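Residue numbers (the numbering used here): 126 to 657.
Idealized CB from N, CA, C, for every residue including glycine.
Model, not experiment: these values are computed from the prediction.
Below is one structure; the comments refer to it alone.
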Amino acid sequence: MGTADVSIAATALAIALVAFVTALGQLLQQYFATADGYRRCQRSVMGEWATRTRLRWRWREFRFETLYTTPEIFMTSTGPDRPDQVLIEGEANSRAVTLAPYPRTSPQGTRNINETVCWVTFLHQLHMLGARNGLCDTPGISLPALCFQERSWDFQLPDVVRPLAVCTVSDIAIMARRLGMRWKDFRPYDGSLKAEGHFHVMTSTNVRSLGILLQYSYTRNEIWRPALRSGLLRGYTKQKEERYIPSTGADLFGFGFISGNAGIHIPRFTIGTQDEIVTSLGLLDETGKSAIHIREILHRYPGFYPPTGDLVAMTMEMVRLRGRSHVQVPAPSGNMHGFSTSPKGRQAFRLCLEQFVTEGNNKFGPQTAVVLSACKHLSETWKEWETERFDSAEAPDISDRLMPAYLDAVHEQFDNLKQWIIIQKGPIYRNVLGAHIRRAIIYKDNDKAVFANWKTLNPNYEADVKEYFRLWPYILTDLPSGEYEDYDEKALCDIWIVMLFRACCWGACHFFVPGERVPSEYYGSQLPVYIG
């Protein structure tokens, strides 16, 4: 063999060796990538969700592909919103299906350094919340649920080193509030979310090419529970547990939304901000006088929030669930004062109504007598109806639950009048409501009383109710003449009395929990957020 042949052979061998090393490097890189993805989806990272991690052989690439499963978490009713959804209920069967068993406790004296993705802990806390809420078969209940999503690690972003769960801005806002957190910062388009409360902490970072990444932690140790209850653990403030009514209507309050009532021609409106209150008053009082007057007040007193407790109670359907003891709802506005929120206010309504009926110079129909009888029945049967235990608008010890029998009795009285209101012709209820707002809630002669109630923690609800009854003749004359040929003074009085009693019933079944509200434009938003 000549020198030239040897050189050619050596060159060919070198080229082949380089090609072999390159191919081997690429193959090893694929194997290492597979091993890295599989390592990041094992039990120490994903808990029981690692049982759904699997390898798929790809012949064309001569390698394994790592496939893993993570949850898409969302809010739903008990109906089948999605065919493959699983409700997060807190029961053993639900925990097994959602791969969220009770976490194992670390040995005594050993600090548990948790390497698990935080959405596993989040699922556990949602199950704990579901267990506290009880059975999920109540009509109207709204619960968190999840769907399984299988993904390939091949398409994981370089900046993401753990499997991610996904939720939406709207649903994560609801879940955080239900867990007892308050939103300290909620600016999704700036990538900034922060919530905390009742040992839950949620923060966010912005990940390139992904979006908002949430980090969640629960900082309370279960072995602290007896010490926390007795107040013996130093450095921690005892916090009253929050148990919100698990329904969509209650969730809307956290966004400042009032869902309204189509049966009485009340549309959905918002009262979360001062501007929204002005807009909503213009919607409920079609003359625009209330909105103009409130705008003038806000110009003089920028920090003023009009009292909206009675306004909510007069316009809402029942949010509570029958047979349930839960009564707490997020406060949809900054000032939820109103006579309907207080037992003293309900007592004052009964006493004023008795006087109104017995005076003999007032014209009223048969429905007013029905309301008076219902008030007497509730006050004689249930001490909670008129017993001053706490003011739902301001008291630090807001009841998280009341006796279901009492709440159902009040709910029954509310429903007894519901059909009577619905059969009234046209938007008569809404028009009476508008006149009541103009003449009894928002009117110039009442500015001093409104500001007095705003400044004090003990508003005089008895005086408010007496003022309502004193102003009834003015409310009546403020209704447009000639538009209600089928309604005389007695019929209009019945509608007004029913409206006030309806508010009392609603206020007795719901207790507003103060807290920061999420901007209303984010309700129903499908903007995704990822949980690390």
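If distances are taken between C-alpha atoms only, which option among the options comes closest to residue i?
i	options	result
Val452	Phe636, Pro269, Val285	Phe636
Tyr436	Gln274, Asp310, Arg555, His424	Checking the displayed sequence, the identity of residue 436 turns out to be Leu instead of Tyr. Comparing Cα positions, the closest option is Arg555.
Leu527	Gly490, Ser450, Pro427, Gly459	Ser450
Met443	Ala139, Trp631, Arg220	Trp631
Phe626	Tyr612, Val654, Ala494, Lys615	Ala494
Lys469	Gln480, Trp174, Glu509, Thr483	Glu509
Ala298	Leu289, Pro269, Glu275, Trp278	Pro269
Asn541	Ala616, Thr373, Met624, Leu617	Met624
Thr499	Gly215, Leu476, Ala456	Sequence check: residue 499 is Ala here, not Thr. Among Gly215, Leu476, Ala456, the Cα nearest to that of Ala499 is on Leu476.
Ile620	Val454, Glu511, Pro491	Pro491
Gly215	Ser415, Asp209, Tyr163, Met253	Met253
Leu409	Gly385, Pro288, Gly397, Pro457	Gly385
Val587	Arg471, Gly172, Glu484	According to the sequence as given, residue 587 is Glu; it is not Val. Looking at the Cα atoms, Arg471 is the closest of the given residues.
Arg345	Gly322, Leu339, Arg333, Val242	Gly322
Val454	Asp315, Cys634, Glu421, Glu190	Cys634
Pro313	Tyr647, Gly162, Gly657	Tyr647
Ala565	Leu596, Leu423, Ala175	Leu596
Asn331	Tyr343, Ser317, Tyr341	Ser317
Val734	Leu497, Glu641, Ser465	No statement about residue 734 is possible, as the shown extent of the chain runs from 126 to 657 and does not include it.
Arg276	Ile370, Pro208, Ser202, Ala175	Ala175
Arg116	Ile198, Lys414, Gly162, Asn585	Lying before the first or after the last residue shown, residue 116 is absent from the chain, which here runs from 126 to 657.
Gly172	Pro228, Ala473, Phe481, Ala217	Pro228
Pro283	Leu335, Gly265, Leu251, Leu423	Leu335
Arg368	Ala301, Thr194, Glu484	Ala301
Val643	Glu592, Gly459, Asn487	Gly459
Lys543	Gly388, Thr412, Phe394	Gly388
Enumerate in chain order the residues of its own chain whose CB-to-CB distance from residue i is below 8 Å, with the five nearest sequence positions on each side excluded.
i	result
Ile419	Ile402, Val403, Leu406, Pro431, Ile567
Thr235	Low local confidence applies: a pLDDT of 46 at Thr235 is under 50, so the model's placement there is unreliable, with the coordinate-based value given in what follows. Contacts found: none.
Ala534	Leu503, Thr506, Trp507
Ser355	Low confidence applies here, because Ser355 scores a pLDDT of 44, under 50, leaving its location unreliable; read the following figure in that light. None.
His663	The displayed coordinates of the chain run from 126 to 657. Any statement about residue 663 would go beyond what the structure contains.
Glu479	Leu497
State the beta-bridge partners of residue i as determined by DSSP.
i	result
Pro269	Met200
Ser342	Val326
Phe636	Gln453
Ile622	Ile622 pairs with nothing; no bridge assigned.
Glu275	Thr194
Which word fits residue i, buried or exposed, when buried means at least 16 other C-beta atoms lie within 10 angstroms of its C-beta?
i	result
Ile547	exposed
Gln274	exposed
Ile600	buried
Ser219	buried
Ile553	buried
Leu446	buried
His325	buried
Pro375	Looking at the sequence provided, one finds Ala at residue 375 rather than Pro. When all chains shown are included, Ala375 counts as buried.
Arg164	exposed
Lys501	exposed
Phe380	buried
Ser645	buried
Phe489	buried
Gln167	exposed
Pro226	exposed
Ala518	Only weak support exists for where Ala518 lies, its pLDDT of 46 falling under 50; the value from the coordinates is given anyway. By the 10 Å Cβ count, Ala518 comes out buried.
Leu532	buried
Ile133	exposed
Between residue i and chain B, is the shortest Cβ-Cβ distance under 8 Å, so that the two count as touching?
i	result
Ile402	Among the chains of the structure shown, chain B does not appear; only one protein chain is present.
Can you list, in chain order, the residues of its chain with a C-beta nearer than 7 Å to that of residue i? Leave out the 5 residues immediately preceding and following it.
i	result
Thr136	none
Gly657	Val242, Cys243, Arg287, Leu289, Leu338, Leu339, Gln340
Leu652	Thr293, Val294, Pro313
I'd like the list of long-range same chain contacts for residue i, defined as Cβ closer than 6 Å, with 5 residues on each side in sequence excluded.
i	result
Val222	Val211
Arg179	Leu192
Tyr655	Leu289, Val291, Leu338
His561	Ile600
Gly649	Ser295
Thr246	Tyr343
Query raised in the report: What are the uninterrupted segments assigned as beta strand (DSSP E) that are 3 or more residues long and contained completely in the region 439 to 520, given in chain order?
Result: DSSP runs (the beta strand (DSSP E)) wholly in the region 439 to 520: 453 to 455.
Query raised in the report: Taking only runs of the alpha helix (DSSP H) that begin and end inside the region 168 to 197, which ones reach a length of at least 4 residues, in chain order?
Result: If we require 4 residues or more, the alpha helix (DSSP H) runs fully inside the region 168 to 197 come out as 168 to 171.
Query raised in the report: What are the complete beta strand (DSSP E) segments, minimum 3 residues, inside the region 291 to 334?
Result: List check, beta strand (DSSP E) in window: 307 to 312, 317 to 322, 325 to 332.
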